[in-house]
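Right, one structure below, let's go through it.
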Amino acid sequence: MSTLWLVATPIGNLGDLAPRASEVLAAVALVCCEDTRRTGKLLQHAGIRAERLAVCNEHTEFSRIDDVLNVLASGGDVAVVSDAGTPGISDPGERLVVAALDAGHVVSAVPGPAAATMAVTISGMPSSRYVYEGFLPRKGPERTTRLAEIASEHRTIVLYEAPHRIERTLADLLAACGADRLVSVSRELTKMHEETVRGTLGDIDIGEPRGEYVVVLGPVVVNTEPPDDASVTTSIRAALDDGMSTRDAAAAVATATGRRKREVYALAVAIGDTTPTSAAPAHTNGGPTNE
Ligand code: SAM
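Each position in the sequence shown, counted from 1, maps to that position plus 701 in the working numbering.
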């Protein structure tokens, strides 16, 4: 059975081309690539004479499907590579995979470099759960909505960005997520001028934008501390002023704040004891019914 191979290639350092990537690229009947000159150079570096190269970029991937299926149907294997990194990750590949699977072919990969994976693992952010967002929508409501989703995201987030948009994107992230959100910005990964700057959105300084960027944003930090007595008392007073009974106010505030009902009730009773209207039956009609 024929196989469609997704072959990862270096994101900068040519030494990262895996031996198995070279073997597959040398063996397949067709190599689909974004740019024949660029991939030609990579193959030359690895000492590979590819059987046949075909352009498959974001504009031509769809129209390339028939060629690929024909090669696979005639018993030849096909490799897909992108300009850098893992095909299908913000690069062509996904549509060919679906077409090959639909036609009953084997789809496999030679795994390897991907800027997102490298950036997450060196960021210092939690890496057990992360979301890959790729490039943000450039403008309009799509961008606003995505930024709002990112602002409340409980997992680490990975974004790709071009040098001429990195400052704008960091400014938009600051506006959406606040100054305290942790961020790690990596550029030129695996290359001579590789650099990762870590900090918060409020204080990060990436200098003059240069090269390709990966932004790794920490998850939103939720304040899990229950509110103190003073703020619980304020909430109870507001509930009492709204006409609630002491018991109902205590129950509602306990539910809203996560504080124990018995404690909140005690605070509510204390308010009643110091308020002239505390004798009113509405504020003293029984204690908490559960914890
Ligand atoms: N398929 C690639 C991968 O697996 O990472 C991503 C391709 S996407 C078209 C290009 C983007 O990836 C760049 O704009 C940049 O955000 C990121 N990128 C690729 N190589 C990089 C590198 N060496 N350092 C930092 N970011 C890189």
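Where is the CB? At the ideal position from N, CA and C, for every residue including glycine.
A Cβ-Cβ contact shorter than 7 angstroms links Leu718 with Pro711. The Cβ-Cβ distance between Val779 and Leu770 does not fall below 7 angstroms. Across the set Gly919, Asp904 and Thr891, the C-alpha of Thr891 shows the shortest separation from the C-alpha of Glu913. Here Ala801 has Leu705 and Val808 as same chain residues with Cβ atoms under 6 angstroms from its own Cβ, once five neighbours each way along the sequence are excluded. Between Arg739 and Asp784, the gap from beta carbon to beta carbon is short of 7 angstroms. For Leu890, the shortest separation between its Cβ and any heavy atom of the ligand SAM lies below 6 angstroms. Only buried fits Met945, as 16 or more other CB atoms lie within 10 angstroms of its CB. If you draw a straight line from the Cα of Ala755 to the Cα of Ala849, it comes to about 40 angstroms. Residue range Ile867 to Cys878 is occupied by the alpha helix (DSSP H) that includes Cys878. Looking only at Ser764, Gly813 and Glu762, the smallest Cα-Cα distance to Asn714 is reached by Gly813. Boundaries of the beta strand (DSSP E) harbouring Ser809: Val807 to Val811, taken from the DSSP string.
Gly748 counts as exposed, since fewer than 16 other C-beta atoms from the protein chains shown sit within 10 angstroms of its C-beta.
For Glu795, the enclosing alpha helix (DSSP H) stretches over residues Glu795 to Asp803.
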